[in-house]
Amino acid sequence: MLISTGKRSMQLLHVFLLAVLPHLNLALSSSGVGEHAETIRCIERERQALLNFKQDLIDNYGRLSSWGSSTKDCCKWEGVHCSNHNTTTSHVTMLDLHTRYDDFSYLKALRGNISPSLLELNHLRYLDLSHNYFSESRIPKFIGSLRRLRYLNLADCFFFGPIPHQFNNLSNLRHLDLAYNSLLNIENLEWLSHLSLLSHLDLSEVELSKTTGWVQSISNLPLLKELHLSGCSLADITPSSSFRSNSSVSLSFVDLSFNSLSSSIFNWLFNFSSSLADIDLGYNELKGSIPDAFGDMVSLTHLNLRGNQLEGGLPKSFVNSSHLQTLDLSDNKLTEELQEFLQTLSGSKNSLESLDLSYNLLKGPLPDFTKFSLLRELSLFNNALSGTFPKYIGNLPNLGYLNLSGNQISGSFPDLSVFPSLVSLHLQNNQLNGTIDRSIGQLQNLVILNCAFNSLKGIISDAHFSNLSSLQYLTLANNALTFNFSPDWVPPFQLEVMKFSSCKLGPRFPKWLRTQNKFSELDMSSNGIAGNIPSWFRDLTLRLNYLNLSHNQINSLLPDLSLRFWGFPGIDLSDNLFTGPIPLIPSNVSSLNLSKNKFEGSLSFLCAITGELLFYLDLSNNRLSGELPYCLSHFKKVSILSLANNNFHGEIPGSIGSLSQIQILNLRSNNLSGEVPSSLKRCNMLRIIDLRGNRFTGEVPEWLGTHLTSLIILILRSNELNGSIPWQICHLNRIQVLDLSQNHLSGNMPSCFSNFTALVETNKSDASTIFDYPVVIISLSKWGMSWYPGSYVSNAFVQWKGQDQEYGKNLRLLKTIDLSSNKLSGKIPEQVGSLAGLRSLNLSRNTLTGKIIQDIGQMKMLESLDLSANRLSGEIPRGIADLNFLSVLNLSRNNLSGKIPLSTQLQSFDASAYSENSVLCGVPLPKKCPGEEKPAESPNTAHQKDKNIQEDEDSSITQGFYVSMGLGFFFGFWGVLGTVLFNSRSKHAFFMFLNRITDWIYVTIALNWARLQRRL
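In mature numbering (1 follows the signal peptide of the UniProt record, and there is no 0), the protein residues as written are -27 to -1, 1 to 989.
Have a look at this one:
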């Protein structure tokens, strides 16, 4: 389930960083309150109670530094408010110590326990301790004794257990917020009936799945105005429970998002049609059409139905929605024409401010939105909109957010001067072409510009950005744009995010980067940059969080990167010409790709990476050497590890078994030796293992089959493994590529190949070889923390159709078994014939005996079959002629006998595919089979016979014959073809018939040609 709100995202960050930084102890200096004489208003008993309360708290940020002797009057302490300030003494009525969410809220949170000394605050009406960390303790029971409380907020405090029954006593409570305490245990809401004055209730993300009758409990709160039950796993209501309630007639705000509610919830909500103004039913299980009743809600201003399965379009009743300000129908299945949708919504033309229709199936061209003159936000992301950007569109003076990405909008870049207030513009993943219009330079408020993945071309100059002083986020990636700025150009902006992948910035580093000192993300991959990294770039006081300079021709030594990054950075410098040793890397790096360079030296630098958040490490295709370090065990979160094509030697350290999250292990083409370490059995998430081209010895481990059952690719090719293939390998029912070739394996093949489920099934593979890893971005500005999936395309060298080829994106489509170049003996197991989805089988260069399995014709998807250089005997099974996809065949160097079966394919292979089988005969071999040769006729006899036949044939051909033949061909051809075209079963039968006819014609021609050659 998606994260529901930004607030919840920050809570997750809070939990995460508290776990990562448990011993962090920061303190701010006090505000410097003077010790001058002051009038004491605070009651001493209450003052002492607050000091006792402070003693039980851990205040790393010094928020309570004003609490103490420096300020005698507790009414002036941080977060404390008192009543009756005009009298000599005052009671504490308000205690507000909530933690405000910002980039460092996890540091500011109070921790510890809530002291019962608060009971001394008899006049307390307002208590807010939200967003602090109380060690997963229970909500103190004594809070239920604070009977004067009107406002109670304990949200996001990590409480667990039941709600104290003493809450029944809080009869004066108007506002109750226990949200984001997901470990609270609430089995019923009957206690709410005692809180008859409650107007605001927030239990968001509190588990309520066992709470029955929640509708009844809520409906019995007569003054309730706001209800927040987002992400509570609410039980769905039945139509019978959707009763009419006359009690809670003031309900105006309802948030029931992120539950599993069905459309029956509508019946209950429509009881409050006259009062409801704000409704959020996002991410439930609503189906069917949008009910007409929403359009009849006279007070409705905000409606959110995102993330459901609603279909069709907007009901006609919405033409009456004259107060609607926000409408979010994103992530549904709406299919209406966008023009018709907006026409139905025209009743809100003077009120609508935000419209989100992203992730639907809306179609048609972009219409004119100018009738919605107050529109501030418009998102049509990921629909099926087409056509060009309308040239007739008028002015939208208030539009600040426009997202048209992920459609099929074509044509030239639009004139954006009609959107003077635009702050965020997203046009990526469309079909826009031509140059970027210079009108973009007039958008002085623009902060985000994303035009990536289009077909834009032409030159980008400093004139495009002359007035964009507010710009912070710029991505023009994957276009054919050329940057041509004045040599001394100083941009008016300070960018935080820059993504220019596949644009032309080179051949030198752009000098204008020297002026940018706030950016945290920089992607200049595939920019045609060559030469050294300039010294000024190294000297920038960067606080980078993500750097991508891959696919260029940078050939310098790599500078020390350890002090240039912060947070949990991602670094991609792959496919360049970097040389020398790898310098120090940031200790908290989360992804590191230095592959396809010329780095030398050892991996000792890895041991300086102390953070445990390294998800992705690729150092393949370099000149690195030495042994693999034991400190690999530090990387508990790594899921992708590739050290292929280097010069590493020695054994794989046993510490590699600590990588419990690893999914890809690629150590291909090194000089590693020893046995495959048994500690790898603990890495049960492994899906790809490639150890090809090393010097591993010992047997193929049995635990590969018993412990690593998620494997889809296992490559142990070109090593020195011995012994037999363990039968436990057959437990790998997801395996698609099994390559044990070029070893010293002996014994019989296992007879359990039918357990390879993925190879038995003929459907396309649903296994992915593209793996996601998190790219964590921590911004220095208001963007906060975010993460998005980076994609790693796994690769492997696989022998396919007799040639070694590297596969990347298409690796998942391969289904192959290669056991060639070993010492396997015995018969080919009959179970091999059950592998109907297998595309390549190579058992060549072994000592296999017996016959080719009779069921080989059932392997319908087979494209390559190599059984050469064995000791197979007997005839070639006739079923092999049914392998319609077979394009590579090698049966040579065996003891096969008999006649080669007749088929189009088998006779089309070169004779070498059958060579060195001494008693094998038939086309295409030159050796004829017994009975194929007939006694030769005398030339005169044969000539006279042919002449008589020709004369008989000529006499039967008349003009009527040609007419009849033409008419017969016309009606026969279209009668048969018409049936075939409109009937799938007939179509299949027809083409099978054509296949057999073709085989018969081919064989007949071949035999007659051979006879003709003998006569001649």
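Quick reminder that beta carbons are idealized off the backbone N, C-alpha and C, glycines included.
Could you spell out where the alpha helix (DSSP H) holding residue i opens and where it closes?
i, result
"Lys27", "Glu17 to Gln28"
"Asn240", "Ile238 to Leu242"
"Ile849", "Neither: Ile849 is in no alpha helix (DSSP H) and is coded neither H nor E."
"His680", "Trp676 to His680"
"Glu313", "Leu311 to Thr317"
"Asp828", "Here Asp828 belongs to no alpha helix (DSSP H), and DSSP marks it neither H nor E."
"Arg511", "Ser508 to Asp512"
Check each candidate in the options and name the one with the smallest Cα separation from residue i.
i, options, result
"Leu875", "Gly543, Arg866, Glu848 and Ser891", "Glu848"
"Ser499", "Leu522, Thr488 and Phe482", "Leu522"
"Gln878", "Asn867, Asn868 and Leu838", "Leu838"
"Ile826", "Asn819, Ile853 and Glu836", "Ile853"
"Leu864", "Glu600, Arg844, Leu224 and Leu856", "Arg844"
"Asn402", "Arg279, Asn368, Asn161 and Asn451", "Asn451"
"Ser642", "Ala769, Phe744 and Phe729", "Ala769"
"Leu840", "Ser794, Lys833, Ile191 and Thr308", "Ser794"
"Arg785", "Ser56, Ile661, Leu242 and Gln312", "Ile661"
"Gly186", "Leu520, Lys198, Leu197 and Leu207", "Leu207"
"Arg111", "Cys894, Arg120, Cys130 and Ile433", "Cys130"
"Leu315", "Asn333, His64 and Asp341", "Asp341"
"Lys260", "Asp253, Gly280 and Leu249", "Gly280"
"His71", "Cys47, Leu100, Leu92 and Gly85", "Leu100"
"Phe354", "Leu330, Asn657 and Ser577", "Leu330"
Taking just the CA atoms, how far does residue j sit from residue i?
i, j, result
"Ser870", "Asp777", "31 angstroms"
"Ser846", "Tyr887", "13 angstroms"
"Val470", "Leu122", "47 angstroms"
"Ser166", "Val227", "19 angstroms"
"Pro393", "Leu318", "24 angstroms"
"Gln415", "Pro370", "13 angstroms"
"Glu734", "Ser813", "14 angstroms"
"Asp76", "Gln445", "For Asp76, the predicted structure reports a pLDDT of 47, less than 50, and the residue's modelled location is therefore unreliable. The matter cannot be settled from this model."
"Thr361", "Thr488", "37 angstroms"
"His275", "Ile506", "53 angstroms"
"Asp269", "Phe291", "7 angstroms"
"Asn890", "Ala842", "10 angstroms"
"Ser235", "Leu273", "21 angstroms"
"Asp512", "Leu520", "15 angstroms"
"Gln880", "Leu405", "52 angstroms"
"Ile613", "Asn566", "11 angstroms"
"Thr455", "Ile433", "6 angstroms"
"Gln189", "Ser169", "14 angstroms"
Helix, strand or coil for residue i? Go by DSSP, reduced to three states.
i, result
"Ile31", "strand"
"Glu350", "strand"
"Val271", "coil"
"Trp539", "strand"
"Cys48", "helix"
"Pro802", "coil"
"Tyr589", "strand"
"Gln701", "helix"
"Glu178", "coil"
Grab the span of the beta strand (DSSP E) containing residue i for me, first residue to last.
i, result
"Thr820", "Thr820 to Thr822"
"Gln282", "Gln282 to Gly285"
"Thr877", "Careful: Thr877 lies outside any beta strand (DSSP E), inside the alpha helix (DSSP H) at Thr877 to Ser881."
"Ala769", "Ala769 to Trp773"
"Asp777", "Gln776 to Tyr780"
"Leu454", "Ala453 to Phe456"
"Thr299", "Thr299 to Asp301"
Under 9 angstroms between C-beta atoms, does residue i make it to chain D?
i, result
"Gly847", "No chain D is present in this structure, which holds just one protein chain."
When every heavy atom of the ligand COA is checked, does at least one fall within less than 8 angstroms of the C-beta of residue i?
i, result
"Ile409", "Absence of the ligand COA from the depicted structure is noted, as is the absence of any ligand whatsoever, leaving it without description."
Given 8 angstroms as the limit, is there contact between the stretch 408 to 419 and the stretch 438 to 452, that is, 3 or more CB pairs closer than that?
yes
Stretch pair the stretch 693 to 703 + the stretch 665 to 680: three plus CB contacts closer than 8 angstroms
yes
Evaluate contact between the stretch 112 to 121 and the stretch 45 to 58, counting only Cβ atoms and requiring at least three cross-stretch pairs below 8 angstroms.
no
Between the stretch 613 to 620 and the stretch 597 to 604, can you find at least three pairs of beta-carbon atoms closer than 8 angstroms?
yes
Determine, using beta-carbon pairs with one atom in the stretch 717 to 726 and one in the stretch 587 to 597, whether at least three such pairs fall under 8 angstroms.
no
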